[in-house]
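Only one structure is covered here, and it is reproduced in the block below.
2 protein chains.
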Amino acid sequence: MSLPGKLYVVGFGPGSRGDMTQRAVKAIEGADLVIGYTTYTDILREYFPDKEYKATGMMKEVERCRLAIEDAEKGHTVAMVSSGDSGIYGMAGIIYQMADEMGSGIEIETIPGVTAASSAASILGAPLMHDMAIISLSDLMTPIDLIMKRIDRASDGDMIIALYNPKSKKRTGHLQKAVEIISRYRSPETPVGIVRNAGRKDESKIITDLGTIDHDDVDMFCIVIIGNSQTYVSKGRMITPRGYEI
Amino acid sequence: MSLPGKLYVVGFGPGSRGDMTQRAVKAIEGADLVIGYTTYTDILREYFPDKEYKATGMMKEVERCRLAIEDAEKGHTVAMVSSGDSGIYGMAGIIYQMADEMGSGIEIETIPGVTAASSAASILGAPLMHDMAIISLSDLMTPIDLIMKRIDRASDGDMIIALYNPKSKKRTGHLQKAVEIISRYRSPETPVGIVRNAGRKDESKIITDLGTIDHDDVDMFCIVIIGNSQTYVSKGRMITPRGYEI
């Protein structure tokens, strides 16, 4: 009988090799098998070409987790990978849930990474210097009314808002609705930063504002950051001051 | 005349070497000078003993930034370091503000890191799988009423809440006030995770709940994560489900 394996749940950050933590690199290098959504394994194949990969499509999260846990139970060291931080809208939660459900006793270690909001912020300037809300506009598993309630409360609290999954092919109107709600509390001049493919080869950014945002500039590969009432733009950088006397 | 230098604003993550990104390691290794708050330079001296360091005390942020910019203007490559992500309550904002104020044309690059919420979450299990608010309880530069309004709105929106700077020697009552506000919206059984010195040698964690949290367990080295209405504890792990059908 083989020894039980180990499952690493690895967040590899925005996508560039340099933005991976050393723990993430070590976990992937040491794994017998790397499992993830096809887009992610395609990125990692370039950095770690000699590893064995298993990829599954989008929305196959449960299947992917089962595969990862079963492989670890056979005695393998498995790295379940996702971009950003595995602990923020990542795979960590469902892995723990599945392991419980399957009665699996394998060792699981979550390796945190640089989340998309951090990565996008570093490209825009310094928009996240104050209290903020991270909200996903995907209503696949969350009622849209609850999402919009959160947008409303975060706006009322003058929190910076980082929107994950701002759009998909099927969901095109949520961002507009969110901008309408935020505009009830903030001026049309409030800076809005849009970062597409943060940390990847075709990275791009746009700094606009609540009143003139062009919704066509946003797709599923974007993170959108909406400033609070103090956020301003200087020399092409979006900055939220924190109150230091300079 | 020397060429203008470069200033890297580096977030080095929770504190362990493994949790640093490769970009952060490279920026520090390549720097002529590493500048930061004493606690941070002490951590980095251990990993990079041969570098030259300049340390300043707490609350000396403006002075520290001026030093960093002036050194870069002399043609040096400077790494301004802070723990976590340099872009979330970090040094990125004030560096850009100071550079503007000083009319400095030096090149500035922000290198994002793993923020404290991500690090603490990975130690607790998977509490941040859904929409969340990151709120600092430090009222040094933010009116306490605004902080508590944000706690209220985040609670009403059923967002997970990650509290940074939950306590200091002078601020001992803010956490209790925050817990009182959150308790208006969430049951006493709502899981609360407290992580002290996340990612450092003497790391520790406590999982408790809103009704029985012992405020003496929390100090300035802690991050506190309060679950949403769906968060539960299983096998010592704090988990917020995201709605997958398992």
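So the sequences go chain by chain: A and B. According to the numbering used here, the stretch in the first sequence is residues 1 to 246, in order. According to the numbering used here, the stretch in the second sequence is residues 1001 to 1246, in order. Glycine residues also receive a C-beta, built at the ideal position from the N, C-alpha and C atoms.
Quick one: grab the DSSP three-state call for A/Met98.
-> Here residue 98 of chain A refers to the residue found at position 98 when the first sequence is read from its first residue. Correct three-state label for A/Met98: helix.
My guess is that A/Gly103 and A/Asp85 are in contact by the Cβ rule of under 8 angstroms, so how many angstroms apart are they, rounded?
-> Mapped onto the first sequence, residue 103 of chain A falls at position 103. Mapped onto the first sequence, residue 85 of chain A falls at position 85. Going by Cβ atoms, the distance from A/Gly103 to A/Asp85 rounds to 28 angstroms, so no, they are not a contact pair.
Length of the line joining the Cα atoms of B/Met1001 and B/Lys1074 | Residue numbering aside, residue 1001 of chain B sits at position 1 when the second sequence is read from its first letter. Residue numbering aside, residue 1074 of chain B sits at position 74 when the second sequence is read from its first letter. Because B/Met1001 sits at a pLDDT of 45, beneath the cut-off of 50, its placement in the model cannot be relied upon, and the following sentence gives the value as read from the coordinates. Answer to the nearest angstrom: the Cα atoms are 9 angstroms apart.
Could you tell me whether the Cβ of A/Ser82 comes closer than 8 angstroms to any Cβ of chain B?
-> Locating residue 82 of chain A in the first sequence gives position 82, where the first residue counts as 1. Chain B, which has no Cβ nearer than 8 angstroms to the Cβ of A/Ser82, makes this no.
Sequence-distant residues of its chain with Cβ nearer than 7 angstroms to A/Ala27 (five each side left out) = Reading the first sequence from its first residue, position 27 is the one you call residue 27 of chain A. For A/Ala27, where only same-chain residues beyond five positions count, the Cβ hits under 7 angstroms are Tyr8, Val10, Ala79 and Ile111.
Alpha carbon of A/Glu247 to alpha carbon of B/Glu1107, nearest angstrom = Here chain A covers residues 1 to 246 and nothing more, so residue 247 of chain A does not appear.
Which two residues bound the contiguous beta strand (DSSP E) that contains A/Lys205?
-> By 1-based counting over the first sequence, the position of residue 205 of chain A is 205. Element bounds for A/Lys205: Ser204 to Asp209.
Mind checking A/Leu128: buried by the 16 CB within 10 Å criterion, or exposed?
-> Taking the first sequence and counting its residues from 1, the one referred to as residue 128 of chain A is at position 128. Classification for A/Leu128: buried.
Segments of 3+ residues assigned as beta strand (DSSP E) that fall wholly inside the segment 1103-1169 of chain B | Here the runs fully enclosed are 1107-1111, 1132-1136 and 1160-1164.
Outcome for A/Asp294 when other beta-carbon atoms lying within 10 angstroms are tallied against a minimum of 16 | Residue numbering for chain A in the displayed model covers 1 to 246; residue 294 of chain A lies beyond these limits and cannot be assessed.
Proximity below 8 angstroms, CB of A/Asp139 to CB of A/His76 = The count along the first sequence starts at 1 and reaches residue 139 of chain A at position 139. The count along the first sequence starts at 1 and reaches residue 76 of chain A at position 76. No, the Cβ-Cβ distance between A/Asp139 and A/His76 is not below 8 angstroms.
Can you name the residues of chain B whose CB is closer than 7 angstroms to the CB of A/Val195?
-> Working through the first sequence from its first residue, we reach residue 195 of chain A at position 195. None at all; the shortest Cβ gap to chain B is about 12 angstroms.
Coil, strand or helix - A/Val9 by DSSP | The sequence position of residue 9 of chain A within the first sequence is 9, counting from 1. If DSSP states are grouped into helix, strand and coil, A/Val9 belongs with the strands.
Assign B/Gly1193 to one of three DSSP states: helix, strand, or coil.
-> As a working note, residue 1193 of chain B is residue 193 in the second sequence. Strand at B/Gly1193.
At what residues does the beta strand (DSSP E) containing B/Ala1079 begin and finish?
-> The residue you call residue 1079 of chain B lines up with position 79 of the second sequence. Run containing B/Ala1079: Thr1077 to Ser1082, per the beta strand (DSSP E) assignment.
To the nearest angstrom, report how far apart A/Arg237 and A/Glu101 are at their CA atoms.
-> Locating residue 237 of chain A in the first sequence gives position 237, counting from the first residue. Locating residue 101 of chain A in the first sequence gives position 101, counting from the first residue. Near 47 angstroms, if we compare the C-alpha coordinates of A/Glu101 and A/Arg237.
Kindly indicate which residue of B/Phe1048, B/Thr1142, B/Phe1221 and B/Lys1170 has the alpha-carbon position closest to the one of B/Asp1202.
-> Here the question's residue 1202 of chain B lines up with position 202 in the second sequence. When only C-alpha atoms are compared, the closest one is B/Phe1221.
Taking one C-beta from the segment 1185-1193 of chain B and one from the segment 1113-1127 of chain B each time, how about it: are there three or more such pairs within less than 8 angstroms?
-> Contact between the segment 1185-1193 of chain B and the segment 1113-1127 of chain B is established, with three or more Cβ pairs separated by less than 8 angstroms.
Simplified DSSP assignment, three categories, for A/Val224 = Residue numbering aside, residue 224 of chain A sits at position 224 when the first sequence is read from its first letter. It is a strand residue.
Is DSSP giving A/Ile28 helix, strand or coil here?
-> Mapped onto the first sequence, residue 28 of chain A falls at position 28. DSSP places A/Ile28 in helix when its eight states are reduced to three.
In or out: A/Arg184 buried (at least 16 other Cβ within 10 Å) or exposed?
-> Working through the first sequence from its first residue, we reach residue 184 of chain A at position 184. A/Arg184 is exposed by the Cβ-count criterion.
Cutoff 7 angstroms; reference A/Ile156; Cβ partners in own chain excluding five residues on either side = Here the question's residue 156 of chain A lines up with position 156 in the first sequence. The residue asked about is misnamed: residue 156 of chain A is Asp in this sequence, not Ile. Taking A/Asp156 as the centre and dropping the five residues before and after it, the same chain places the C-beta of Tyr185 closer than 7 angstroms to its C-beta, in chain order.
So what does DSSP say about B/Ala1055, is it helix, strand or coil?
-> As a working note, residue 1055 of chain B is residue 55 in the second sequence. In this structure, DSSP gives B/Ala1055 an extended state, which the three-state scheme calls strand.
Helix, strand or coil at A/Ile297 according to DSSP, with G and I counted as helix = The structure shown does not extend to residue 297 of chain A, since chain A is modelled only from 1 to 246, so the question has no answer here.
Buried or exposed (CB count within 10 angstroms, at least 16 for buried), B/Met1141 | Here the question's residue 1141 of chain B lines up with position 141 in the second sequence. It counts as exposed.
Measure the alpha-carbon distance for B/Ile1135 versus A/Ile239 and round it to whole angstroms.
-> Numbered from 1 along the second sequence, position 135 holds the residue referred to as residue 1135 of chain B. Numbered from 1 along the first sequence, position 239 holds the residue referred to as residue 239 of chain A. So the two alpha carbons sit approximately 18 angstroms from each other.
Less than 8 angstroms separating the beta-carbons of B/Met1148 and A/Ala133?
-> By 1-based counting over the second sequence, the position of residue 1148 of chain B is 148. By 1-based counting over the first sequence, the position of residue 133 of chain A is 133. The Cβ-Cβ distance between B/Met1148 and A/Ala133 does not fall below 8 angstroms.
A/Ser168 versus A/Val218: straight-line alpha-carbon distance, rounded | On the first sequence, residue 168 of chain A is found 168 positions in, with the first residue counted as 1. On the first sequence, residue 218 of chain A is found 218 positions in, with the first residue counted as 1. So the alpha carbons of these two residues sit roughly 9 angstroms apart.
Who are the near neighbours of A/Glu286 in its chain, counting only those whose CB is closer than 8 angstroms to its CB and skipping five residues on each side?
-> In this structure chain A extends from 1 to 246, so residue 286 of chain A is not present and cannot be described.
Within the same chain, show all residues whose beta-carbon is closer than 7 angstroms to that of A/Asp209, passing over the 5 residues directly before and after it, in chain order.
-> Start at 1 with the first residue of the first sequence, and residue 209 of chain A comes out as number 209. For A/Asp209, where only same-chain residues beyond five positions count, the Cβ hits under 7 angstroms are Pro188, Glu189, Thr190, Pro191 and Val192.
Give the interface partners of A/Val233 over in chain B, defined as CB-CB distance under 9 angstroms, in chain order.
-> Here residue 233 of chain A is taken as the residue at index 233 of the first sequence, counted from 1. Counting only Cβ-Cβ distances below 9 angstroms, A/Val233 has no contacts in chain B at all, with the closest Cβ about 11 angstroms away.
Quick one: does B/Asp1019 have its CB under 8 angstroms from some CB of chain A?
-> Taking the first residue of the second sequence as position 1, residue 1019 of chain B is located at position 19. Taking Cβ atoms only, chain A reaches closer than 8 angstroms to B/Asp1019, which makes this a yes.
Step through the CB atoms of chain A and report whether any lies within less than 8 angstroms of the CB of B/Glu1203.
-> Reading the second sequence from its first residue, position 203 is the one you call residue 1203 of chain B. B/Glu1203 does not count as touching chain A.
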